[in-house]
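In what follows, a single structure is set out as structure tokens and then discussed.
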Amino acid sequence: MTRQEHLQWCKNRALEYLNSDDLPSAVASMLSDLQKHPDTKLSTSLFPRLGMMYVMNQDRDGVRRFIEGFN
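Our numbering numbers the first residue of the sequence shown as 1 and each following residue consecutively.
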């Protein structure tokens, strides 16, 4: 699977949770799935903090931007 294919797979899975109004799982899924491919592994702890900020504020649009913003 290419980097781009994997990234789209991550986004699709996370958006399924978001569409079910499960914001914590949407962010957790995105972050977890990114770690499963060598070209999308995260090397900073900033992203989990940012994603959880949106969850804590119950900012559905923020979570969507967080997920869709990875490229």
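Backbone N, C-alpha and C define an ideal beta-carbon position, used for all residues, glycine too.
- Setting aside the 5 residues that flank it on each side, SER25 is surrounded in the same chain by TYR17, each with a C-beta closer than 6 Å to its C-beta; the list follows chain order.
- Under the criterion of beta carbons closer than 8 Å, ALA14 and MET30 qualify as touching, at roughly 4 Å.
- Closest in alpha carbon position to ASP59, among SER32, GLN4 and ASP22, is ASP22.
- Beta-carbon to beta-carbon, LEU42 and GLN35 are separated by about 7 Å, close enough to satisfy the 8 Å threshold.
- Residue range 3 to 19 is occupied by the alpha helix (DSSP H) that includes LYS11.
- Pairing THR40 with VAL55, the inter-Cα distance amounts to about 22 Å.
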